[in-house]
Each structure stands twice: as C-alpha cells, then as structure tokens.
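First the structure, in the form of structure tokens, and then the observations on it.
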Amino acid sequence: MDVLEKLTILTDAAKYDVACTSSGAGDSSPTGAGLGSTADCGICHTWSADGRCVSLLKVLMTNVCVFDCQYCVNRHSNETPRAAFTPTELADLTMSFYRRNYIEGLFLSSGVQRSPDYATEQIIKTLELLRGPYHFTGYIHAKAIPGTDPLLIARLGVLANRLSVNIELPSQRSLALLAPNKSKANILGPMATIRDGITESKESLVKYKTAEKFASAGQSTQMIVGATPESDYQILRLTEGLYHKYQLKRVFFSAYIPVAENALLPALDTKPPLLREHRLYQADWLLRYYDFEASEILDEEHQEFNPFLDPKCNWAVNHLEQFPVEVNRVPYEILLRVPGIGPVSAKRIARARRAGKLDWDDLKRIGVVLKRAQYFLLCKGKMRPGLSITPQNTVRALIDGAPLAKAEQLTLFGASSAPSQAELLEVASECVSRAI
Amino acid sequence: MCVAGNLIYVYDGSFEGMLCCIFEAFVRKERPVQVCAQSALQPSLFEVLPIETQPAKALRVLHGLEEKVSPLAAATVRDLFLSGQQDKALLALDFTRLAFERGTVVTTMLGNEVVAAAAGAVRKLYNEAHMYKGLIRFSDVGQGMVAEIEPKNFVLPLIAPHFCSRFRNETFLIYDKTNHAALIWQQHTAKLVPVDALTLPPPTGEEQVVRRLWKRFYDTIAIEARRNPVCQRTHMPKRYWACLTEMQADLDTLSEAEQTPPLLAPGVGAEPYSALQPQPV
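Residue numbers (my numbering), protein chains in the order written: chain A, 375 to 810; chain B, 5 to 285.
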C-alpha cells in the first residue's frame, strides 16, 4: 500500500477527532539546527469544506483497533479498510508538509493495535524520530490512550507540546454501555498523570532553566454529545469539573454523527446535533473567558440550553434587575456580562474611557456591536436615542437567527405554507417572552 | 492653525517619503486634500505638489513621535504605511497632528474619528498578516522554497520574523504580487527587495507528489455530514484561494517537466525599504 492510500484511510479515520488547535505552546524562536517553531496564539493553515480550521496534520498511526467502542468508525467489529504508517513514513510526511507551510504541526492519535502500550510505543517511535534525527521543533499534539503505562505517558509528555485523553462520553454509565474497554478510572488515570507531570515540570522550570518541558501547551479532552442521554447541564458541570480538577486547557465537544447501526445509539439518519454543540461551546467560552460558573448558566430546573438564545443572553434576560449599566463606570467584569460585548470590546471600552467619557457614537466608532448591547447599556446616564425598550422588541433583537434560518430551510421543501423567517421570529419571541 | 489646501501631495511611495509629506504639511500649516504615492496618482482638478524625500526630515517626524508622544504612536504611523488602505497617508498625517496635540493619550482615544480609523486600518493589516502566517504555500524549486502572495496590505515586514525563525535553516523567497516586493531569506540573512515579476518553473515530480498528498488530506479531513461552505468562506475568503495548493482543481495528473530555475525580475530603486528591513534574528 502506498503512502497516498494510507494517508487517505488514516485521515478518514481521524477526522472525527475535534481538537486541531495549535495554541498555548508559547512563542518559540528556536535557534540552531532544525525546522519549526510554535506560536502562542495558534495559526490556522486552511479551512476544510465543513468550515473547520485545519492547523495540524491530523492522522492516526493505525486504525487497527482491538477495542470495540460502539460510536467509533474504527471499532474492532466494523468492516473498514485498515492501514498503518511506519514511523519513518509519517515523519517524512510531516516534514514535507511542514516545510511547505501546509501545517502547524502534527496531531497524532492511534487505534489500539495489540494493546494500549504497544500503540503508544508506535506513537513514541514516530515522535522520537521527529524530535531526534529530524530536529523538528514545531508543534506536536499526541493522544494518550486510556490504559497506557504511566511511564510511557511520561515519555510522551516530553516529546509532545500537548497531550489529550478523550473522555469520550459524559458519564460512567454511557461508557460502560458503549465503550466496554474503557472506564472512568483508566481515562482519568492518565489525565492525572499528565496534570502532575505538567505541574512538576513547571515547578522545576522555575528552579532550573534546563529542566525538561512536559506538555508545555497543556492537556485537553473531548466528548461526544448526542449519542447518549446526558443533559446539557450534566455535560457543563462535568466540563467545569475537568477544568478545575485536571487543569485542562480545553474541553472539546463533538456532535455525534451516526456511524453505526446499533440499538443503543441514535438511528443512522439522525442529523448531528450541531446547535447543541454550538451552545455547549458558547457556554464553555463563558466558563473560560467570562468568569461564569456552570450553575449560573444552567441549573437543576433548567437542564437544557434555550435554542433561541445564546447562554449569555439567556442569563441576562433572567437577570434584568442588574441592567442597564453605565458604560463609563461599570467594572470590566460586569461589562463582560453584557450581551454582545466580548473580551475584545470590553478591553477597548476600558482603554478608551481612560481618555474621556464615552457617548453612543464613540461606542460605535470603537467597534462595539450595539445590536444586542444597546438594551443593557447607558452612556453618560442616557439610553440610546430612539430606542424603545419593550419586552417584545428586546427579545426579538436578542434572538439568535441561525437556528431559525435552519428551520426555514428545512420546511422549504415540505409544507406548501412554510412559515417565513418573520413568522418564525414571531413564534420564537413569543416562546422566549413566555419563558421569562 | 492649519488651513485646508487644495493640494495633492505626491511622494515616491517610500516610508520616508510619506513621513516627509507629514513634515511638509506641518511646515506649510495646511492639510492637503490627498497624500498619494507617485504610482497611484490619478488625474484630477487639484494641484499636485511633489514632495522630495529627505531622510533627515523623515527621521525628525519619527523621532518626534517617539519622544514627544510615545513609541506606540510612532509604531502606528509605521503600520499605517504598511496598510493597503487608499487614504493611509492622509490618515497618518491627521493622526500625527492629533498625536502632537494630545500627547500620549492619543492611542487610547479609540472613540475619536481619526484614531478609530487609524486603529481600524492597523487592525486589518495585522489580521491579514496573521492570516498569511497560515495561508502561505511554499513550493520546493530546487534551490529553495518559493511562495507567492497577493495581500491587500504590505504584510511582508510583519511576517518576516515568523518565517525566518521557523524556516531558519531553509532558503526561501516570498513574493508579494500586490506590492512588487519579495522577502528573501538566505544564509540566515533576511532582505526585503523590490521585484517586478516572478516566473516559477513547473513543479518537479517530488513537488507534485507532495501537493497531491496534501490535497488528498485536505479533501478527506472534511466531514460530509457537517458540510458548511459559508463558514469555510467566512474564515477563508475566496481572494486567498488562488495561492492555495489545496484549492486548485486538479492535482492528480503528474506531468514530466524540465527543471528550470525560477526567474526573478528585480524592480527599480536602490534601497526603498531601508527603514523596513527585517532585523537579524
């Protein structure tokens, strides 16, 4: 089998892995022999037809797998062409892509060939080749396979910039049902090993400049959403727990795309729950950059996201007593809680108001998007001129158009009297108003 | 107090030239209707005033900004020169005038019309520079790696440190079609040179094989069930596609081609980028 064919099979097998980020490794300007550097902000090298950023060469070492996880295309019982790269083939491929600036680095995962330890050893061989004889100083993200010996993981952490262990499914029950070879313990075990390795290396680096770096870009994980019955609230709580307990850099979500006919899984013609995935990422951002807690976003009574409002808007309309706030006085943390204002706008406002009091025109020139924010702000004590605030038009301005547009598309070919965007908006606003 | 003149200032297109226009406007206490590079001059009813480039005057403007205002203000004026926006030179003049009037605080006055416009132009420049860190595609032409770009802004000086550090042991050339300039990295030294045209040889056999592998990877990594061309174009507008290997229609036919060296037509002008040359890494 030639490399082109292997690449096709092993890319196809790796494409459901979500993480493709290359950020957080720090800016490196290496000198001396070799090829490659890392950029702290992450660099996308292209975007694929599904709109996802492609930053790393994302492939499997092999898609031969002894595990039989029901949701996975590479499961043992699935009849699919199998292939395996040799370490040299993959290292050569990485170098020739990297030299041409096609990629920011390598994202290497593997099916469990023979055993977790054997599969990890193959990954290590490739990375040793790249870091050793090839002098590759670019970004590497490696997967740690559940059940791997901690010593091998320790070796992996020295070679890679980022490590990740997939948590796969949001609960122990679902894992037992769908991934019989994996358990909470053998997933969280390596995660803790990596966390401790990172902490230890950071502490030594303070003492000695030459101390070994361990997974300098941190660790991440991912889970499949929509294959099992967990609620959004459960998933978000779990996510928050992972950030706190394991100091993860990122938690990724992947909307389940049916790959197998199985009584335990959604039917093959089920559409991937993309809106749900989108809302989870929005909430994840609130946890990481907006200083929200999971319990502020969802709670025992409200376990699912509002389909029509993004999580921050949803929080704001349920806390109208805290608004409006005065742009020129309100602290940065509260500015961040205003719908439509993110860290970029909030920082610009904080900077600009040092030079003088801001009015509505200033805000516009600064580049703050006022469509939603205007309902929650005062400038020099005044509401935006010409704005009439009624519950109806507030809600209407806040509604997220994307799911509505989708709904319209779907009904286009169905009923002859398909509702228009305006009608949908009407229904949605009514729905949301009632909920408030 | 400056008066609005009915003049168009014309400079030679260099950074120093643009700074000299600013100097001249201060001396003459006037605001021209336009400040424009010689090459971009359009016939109009306004009177044209050619401004001579004198490095000493240019330095006075730059040092004045650095010392009397702030290094950030000086950097903004330099960045404005790199911007591809048509009114950049006039914007730089307005910004400089405001900077001397208001002092250090000028760079925080984001609500001010001039500052907001300058900040917007600079933001576009940096965004594009960041995009190109990912979207440049090199081809191996035997003597080194060559890439072509067609940016809206003059991004080469900004991306030079990134590529020179990353590909420190390679020899490479990035040709900017829009600004007719090239960044050359050879024997651990970077140089920015004017280039009129670049003719690339047909790709070698090995180059074609790697391109085909990359295209295959690119096509395979997309998930059909999540297909979203609008999202793809939002992130990566079509204007970038022409220079992207993976967006070329057919790479599957390998062809035998004679190996010829790339042809470089140097541009005129001795040292037009003296103030923008990349610093040694």
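C-beta: ideal position from N, C-alpha, C; glycine also.
One Cα belongs to GLU614(A), the other to LEU543(A), and the distance between them is close to 15 angstroms.
The C-beta distance from VAL447(A) to ALA387(A) rounds to 6 angstroms, short enough to fall under 8 angstroms. Nearest neighbour of LEU129(B) by Cα position, chosen from ALA79(B), CYS235(B), LEU97(B) and PHE158(B), turns out to be PHE158(B). Rounded to whole angstroms, the Cβ separation of PHE99(B) and VAL119(B) is 7 angstroms, and the two are in contact under 8 angstroms. In the three-state DSSP reduction, CYS439(A) falls in the coil class, being neither helix nor strand. Judged by their CB atoms, ILE568(A) and GLY531(A) are nearer to each other than the 8 angstroms cut-off. Neighbourhood of ALA120(B) in chain A, by CB distance below 8 angstroms: ARG739, ILE740 and GLY741, in chain order.
In this chain, the beta strand (DSSP E) harbouring CYS40(B) covers 38–41. If you look at ASP570(A), you'll find it isn't in any beta strand (DSSP E); it sits in the alpha helix (DSSP H) that goes 558–581. Under the DSSP assignment, TYR513(A) falls in the beta strand (DSSP E) whose first and last residues are 513–517.
In the same chain as TYR706(A), and ignoring 5 residues on each side of it, the C-beta atoms closer than 7 angstroms to its own belong to ALA720 and ALA724, in chain order. Between LEU69(B) and ALA77(B) a beta carbon distance of about 5 angstroms is seen, short of the 8 angstroms cut, so the two are scored as contacting. Against GLN191(B), chain A offers no close residue; the least beta-carbon distance is about 15 angstroms (beta-carbon pairs closer than 9 angstroms). Against chain A, a Cβ distance below 8 angstroms from VAL109(B) picks out ARG728 and ALA729.
Assignment of GLU695(A) by DSSP, reduced to helix, strand and coil, places it in the helix class. Taking every protein chain shown into account, the CB of SER143(B) has 16 or more other CB atoms within 10 angstroms, so this residue is buried. Around LEU139(B), the same chain offers TYR244 and LEU248 as residues with beta carbons nearer than 7 angstroms, after the five sequence neighbours per side are excluded.
Residue-level contact check: ASN437(A) does not touch chain B, since none of the beta carbons of chain B fall below 8 angstroms from its beta carbon.
Ranked by how close their Cα comes to the Cα of LEU562(A), the residues ARG536(A), LYS389(A), ILE541(A) and GLY592(A) have ILE541(A) in first place. Of the residues LEU503(A), HIS618(A) and SER483(A), the one whose Cα lies closest to the Cα of PRO520(A) is SER483(A). Contact of ASN173(B) with chain A by beta-carbon distance below 9 angstroms involves GLY406, ALA407, GLY408, LEU409 and HIS509.
Using beta-carbon distances, LYS195(B) does not count as an interface residue toward chain A, since no partner is under 8 angstroms. Annotated three-state conformation of GLN748(A) is helix, per DSSP. Between LEU622(A) and SER594(A), the beta carbon gap of about 6 angstroms places them in contact (Cβ cut-off 8 angstroms). Out of LEU654(A), GLY479(A) and CYS687(A), the CA that lies nearest to the CA of MET597(A) is found in LEU654(A).
In this chain, ASP83(B) is not harboured by any beta strand (DSSP E); it is covered by the alpha helix (DSSP H) spanning 75–86. Per DSSP, LEU732(A) lies in no alpha helix (DSSP H) and is assigned neither H nor E. Burial check for VAL691(A): the Cβ neighbour count within 10 Å reaches 16 or more, so the residue is buried. Sequence-distant partners of LEU616(A) (beyond 5 residues in either direction) whose C-beta falls short of 7 angstroms from its own C-beta, in its chain, are THR595, LEU622 and VAL625. In the three-state scheme derived from DSSP, where H, G and I count as helix and E and B as strand, LEU202(B) is classed as strand. Distance from the CA of GLY741(A) to the CA of TRP734(A), rounded to the nearest whole angstrom, comes to 11 angstroms. When beta bridges are read from the DSSP output, LEU480(A) appears opposite LEU431(A) and ILE514(A). VAL438(A) is a Cβ neighbour of GLN487(A), given a cutoff of 8 angstroms.
Where PRO461(A) is concerned, there is no enclosing beta strand (DSSP E), although the alpha helix (DSSP H) around it starts and stops at 461–473. Its Cα nearest to that of ILE227(B), the residue GLY425(A) stands out among GLU379(A), LYS558(A), ILE383(A) and GLY425(A).
Rounded to whole angstroms, the separation of the alpha carbons of PHE679(A) and PRO647(A) is 13 angstroms.
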